[in-house]
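Residue numbers (our numbering): 862 to 1272.
In this text, a Cβ means the ideal position worked out from N, Cα and C, and glycines have one as well.
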Ligand code: ASP
Ligand code: MG
């Protein structure tokens, strides 16, 4: 017998038929003898509509009332799911954030969960009842409903699993797992059986759409195993777990990418103390995040070239700021380029294996792909390349790191 939190996302509970289908997935686990708690999202699209309504009615934005409105989608679905379960003969009732309570801080619209009282839920689960908990919402210190940020019901589910000391948190969604890379670009992409929390966090382009980032951080901190699986297909999904649970560790687990990149180069900036601070200070003050940075060695000791990347949406603002500060920077020329993408190979196995960068650079060189900027972390090597080469780069790297799906046997 295991204790499992089953979380259903918006597309899995988008209408009455789907709620009934999801309820069958719950019943199956109950019948197998497991103790189950369910967390639901709002029906797909409903939260967007609520957000839209609040902005139509009032420009005097009161985040407490925003929360009162946008939390309603989950409230409705918690009741509907409990009804669907009762209909299948499963004992069940709905729980809103304030009823448990799920306590949060007072940052309405993006509150953080601080604690969940689980004694009553635990007692009822042991007696065979299935609590259906409204995701995304909690109770603030001002005794009002809070919401915890868009996509937050993943985080609700992981937090609940942690508080209940559950064996696992199953996230039911419309994809069947996490892939080695984007299968729409690389047809040979494979579904991963397992991935570590850290890799999942680094594989933002592949994982972020599936799991809210904060839920992965929380799962890592609470050591809650998470399974990403499909509501509509029966196969096991991908387990997101701690490193010591991984049986056969690949050096590289996956290849992610980001199109949301732009490059700025400052040519012949003065090579003296304080120049980098003069460049990055104003950007930081304007809340512009800088990601990759390279500075070359200046030959004459007088001037240096400096290249860095920002999110595409920040490019114009960054260029305006730097143009304005050009005199302080004493640089000759500023070049902006938005036609770049970042491609990253990710794997915790890199910590103990040399040669990942070499394999990566060789594979790209063989395809004639020029690397513009490189950055590394303990478990990731990223390169910036022209956006024209995104597909080619992903495919070449996928093959070079042995990730290609082997062709299915003809039968
Ligand atoms: N319904 C909320 C949203 O759309 C929370 C969630 O679905 O995770 O953001
Ligand atoms: Mg979601």
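Classification of residue i by the beta-carbon crowding that lies within 10 angstroms, buried from 16 upward
| i | result |
| --- | --- |
| residue 1271 | Because residue 1271 carries a pLDDT of 45, less than 50, the predicted location of this residue cannot be relied on, and the following value inherits that uncertainty. So residue 1271 counts as exposed. |
| residue 1223 | exposed |
| residue 938 | buried |
| residue 869 | buried |
| residue 1153 | buried |
| residue 988 | exposed |
| residue 952 | exposed |
| residue 1221 | buried |
| residue 1241 | buried |
| residue 922 | exposed |
| residue 1105 | exposed |
| residue 1214 | exposed |
| residue 1256 | buried |
| residue 1027 | buried |
According to DSSP, residues forming a beta bridge with residue i
| i | result |
| --- | --- |
| residue 1099 | 1089 |
| residue 953 | 991 |
| residue 1123 | 1171 |
| residue 1130 | 1165 |
| residue 1195 | 1127 |
| residue 1009 | DSSP lists no partner for residue 1009. |
| residue 1205 | 1117, 1243 |
| residue 965 | 974 |
| residue 864 | 896 |
| residue 1031 | 867, 1088 |
| residue 1237 | 1242 |
| residue 998 | 1008 |
| residue 1057 | 1102 |
| residue 1040 | 1052 |
| residue 1151 | 1171 |
| residue 901 | 869, 995 |
Cut-off 6 Å between Cβ atoms - residues of its own chain near residue i, not counting five sequence neighbours on either side
| i | result |
| --- | --- |
| residue 1093 | none |
| residue 955 | 939, 940, 943, 993 |
| residue 1075 | 1016 |
Assumed close pair residue i, residue j - CB separation to whole angstroms, cut-off 8 Å
| i | j | result |
| --- | --- | --- |
| residue 1060 | residue 970 | Contact doesn't hold; Cβ gap of about 30 Å is too wide. |
| residue 911 | residue 993 | Rounded, the Cβ-Cβ distance is 20 Å, inconsistent with contact. |
| residue 1202 | residue 1252 | Not a contact, Cβ separation roughly 10 Å. |
| residue 872 | residue 1035 | 4 Å |
| residue 1176 | residue 1123 | 4 Å |
| residue 891 | residue 991 | 6 Å |
Spatial neighbours of residue i in its chain, beta-carbon cut-off 7 Å, leaving aside the 5 residues before and after
| i | result |
| --- | --- |
| residue 1144 | 1151, 1179, 1182 |
| residue 1250 | 1230 |
| residue 1020 | 974, 977, 1079 |
| residue 1157 | 1165, 1166 |
| residue 947 | 953 |
| residue 925 | 969, 1005 |
Contact set for residue i: own chain, Cβ-Cβ below 8 Å, skip 5 residues either direction
| i | result |
| --- | --- |
| residue 1088 | 1029, 1030, 1031, 1032, 1097, 1098, 1099, 1100, 1101 |
| residue 1063 | 1117, 1205, 1207, 1238, 1240, 1241 |
| residue 1232 | 1222, 1225, 1244, 1245, 1246 |
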